[in-house]
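Sequence positions in the sequence shown follow this note's numbering and run 988 to 1422.
Every residue, glycine too, gets a C-beta built ideally from N, C-alpha and C.
Computed from a prediction, not measured in an experiment: that's the story for all the values here.
What follows is a short report on a single structure.
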Amino acid sequence: MRRTLVLAYYFPPLGGAGVQRTVKLLKYLPAHGYAATVVTAPEHTGVDWAPPDPAQSDELPADTEVIRARPPAGGAVVPADRSRADKLLDRPGAFARWWVEAAAEAGIPPARSSDVLYATMSPFESAEAARRIAAATGIPWVADLRDPWALDEWTVYPSALHRIRDERRMARLLSTATTVVMNTEEARREVARRFPALASRLEVVTNGFDAGDLAVPPEPRTDDRVRVVYAGYSHVEEGLRHRRARRLRELRGAAAPGLDILARSHVFLLEAVRKLAAEDPEAGGRLEVHLAGASPTGATDPFVVERGYLPHRDAVALMRSADVLFLPMHDVAAGRRVRTVPGKTYEYLASGRPILAALPDGDARDLLAGLPGVRLCAPTDVEGIAAALRELAAGAPAPTRVPEIAARFERRVLAGRLAEIFDRAAAGRSAAAAA
């Protein structure tokens, strides 16, 4: 059994999509020959967008060793802890200074007896910590980008210069990695285009679903409403702030053209239900929207049921009880493609429930286009969302399963792909040592 040293800031008892990716891959890596030592943050991080989900720990193999980095001297700091001056001057904030030092300090000793280092990001400061560990020990390291760092159209910078500097930082640090893993093909293509020197090191391991999770029975129901479920973090406040500053941000090159963060929320879904209720009270009256996420949405409509943050098991049970699953994404300018796919896309797909997807062009839309039971529209298309809901309220048939599509994204399969990447990295190290 080989051993991988895992650098993961987001880890149980925290919850969220990033935690699930790491935990699920670790769950199935032993079947492919790898045990894990994990270097992670202290248990109490104060990260409000990743609420506790301690049950995630139950998924870890028994031989997983967890090392907690020393806590910061001044109390908890989180990735958002960066002063305005630090942002404007593009210098490391309190979190970056602490996490890089603490993670490297905790990671160097176990790296000496590990075969490969796997750093899952964000936070992207983990790349610097991984570089230091690799430089000190000679261990090959694999960078896993859950989001495409400086090439993520979602990210808003103080200026175009800040974005350029972050792109250079990204290229410099990833050049020290043996392999760079992206989680969408679109992101891989863009990294290869922007940083040709990295092209030969790029691999894709998508997000996915665990078939065992979907064995959870649906949440019991006694109603006859049409249940619309949106399970995801709400970006309403952030989206409204961006809309107010969007033109100025675009003019100074701080934001991607056409970026609309508000679309990645429940806002346009609720507008569509209100529209439908006004035009067709009978159809609108049959709808019930369940919102499950990491923050209160502030919705006051009588057809809205606020569920708050749910542990993953409960979120899956809610999804499986849905008559339709709502999948929104942020919008971008016409002619552009987004470089991410929401993690929940794969669980939605594997659940076999109908999906109403409000998506821009990109891998997520390509994946779902043409599948039975999937209705696609643009991210802010209230008319299109309302039309799809009208069909559902009228009793449109449920879809059939599409296992031949979903099976490609099963976590066991994805763990096998990651293990192959580890094997190549470890073999390269052995060959170099022999030479």
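One alpha carbon belongs to E1258, the other to H1222, and they sit about 16 Å apart.
Counting of Cβ neighbours within 10 angstroms places A1018 among the exposed residues, the total staying below 16.
With at least 16 other beta carbons inside 10 angstroms of its own, I1120 counts as buried. Here G1280 really is in contact with A1218; their C-beta atoms are around 7 Å apart, less than 8 Å. For V1328, the secondary structure class from DSSP, reduced to helix, strand or coil, is coil. By the Cβ neighbour-count rule, E1115 is buried, with 16 or more other Cβ atoms within 10 Å of its own. Within its own chain, the residues whose Cβ lies closer than 7 Å to the Cβ of T1367, once the five positions on either side in sequence are excluded, are D1247, A1250, F1255 and D1318, listed in chain order. Straight across, the Cα-Cα distance linking R1411 with G1272 is about 57 Å. Judged by DSSP secondary structure, R1212 falls outside any alpha helix (DSSP H); it is assigned neither H nor E. In the three-state reduction of the DSSP assignment, H1222 falls in the coil class, being assigned neither a helical nor a strand state. When rounded, the separation of the alpha-carbon atoms in S1109 and D1134 is 7 Å. Take the alpha-carbon of P1097 and the one of R1239: they are about 45 Å apart. Taking 8 Å as the cut-off, the beta carbon of I1126 is found closer than this to the beta carbon of S1101. Excluding residues up to 5 positions away in sequence, L1016, H1019, G1020 and Y1021 lie with their Cβ nearer than 8 Å to the Cβ of A1406 in the same chain. Of the other Cβ atoms in all chains shown, 16 or more fall within 10 Å of the Cβ of L1263; this residue is therefore buried. Sorting L1075, V1053 and Y1105 by C-alpha distance to the C-alpha of P999 places V1053 at the top. Annotation for R1362: the continuous beta strand (DSSP E) segment containing it runs V1361 to C1364. Positions of the beta strand (DSSP E) runs, each at least 3 residues long and wholly inside the stretch 1095-1140, are given as 1103-1108 and 1128-1132 in order along the chain. Here L1138 is not near V1167, since their CB atoms are 8 Å or more apart. For the pair M1306 and R1362, the CB atoms are not nearer than the 8 Å cut-off.
Burial check for E1370: the Cβ neighbour count within 10 Å stays below 16, so the residue is exposed. By the CB criterion at 8 Å, F1082 and P1066 fall inside the cutoff. Between G1349 and E1173, the CB-CB gap stays under 8 Å.
Residue pairing by DSSP puts T991 in a beta bridge opposite A1023 and V1103.
For T1009, there is no enclosing beta strand (DSSP E); the residue is found in the alpha helix (DSSP H) stretching over A1004 to Y1015.
If you look at A1373, you'll find it in the alpha helix (DSSP H) that goes V1369 to A1380. Residue pairing by DSSP places I1408 in no beta bridge whatsoever. Assignment of beta-bridge partners to F1313 by DSSP yields L1343. Around F1182, the same chain offers A1158 as residues with beta carbons nearer than 6 Å, after the five sequence neighbours per side are excluded. Taken through DSSP and simplified to helix, strand or coil, F1082 comes out as helix. In the three-state scheme derived from DSSP, where H, G and I count as helix and E and B as strand, P1039 is classed as strand. Proximity of the stretch 1223-1236 to the stretch 1344-1360 falls short of the contact definition, fewer than three beta-carbon pairs being nearer than 8 Å. Within a 10 Å sphere around the beta-carbon of T1287 sit fewer than 16 other beta-carbons, which makes this residue exposed.
Assigned with DSSP and collapsed to three states, E1275 falls in strand.
In this structure, Y997 sits away from W1086, with a CB-CB distance that is not shorter than 8 Å. Runs of alpha helix (DSSP H) with 4 or more residues, each lying fully within the stretch 1229-1308, are found at 1254-1266, 1268-1272 and 1299-1307, listed in chain order.
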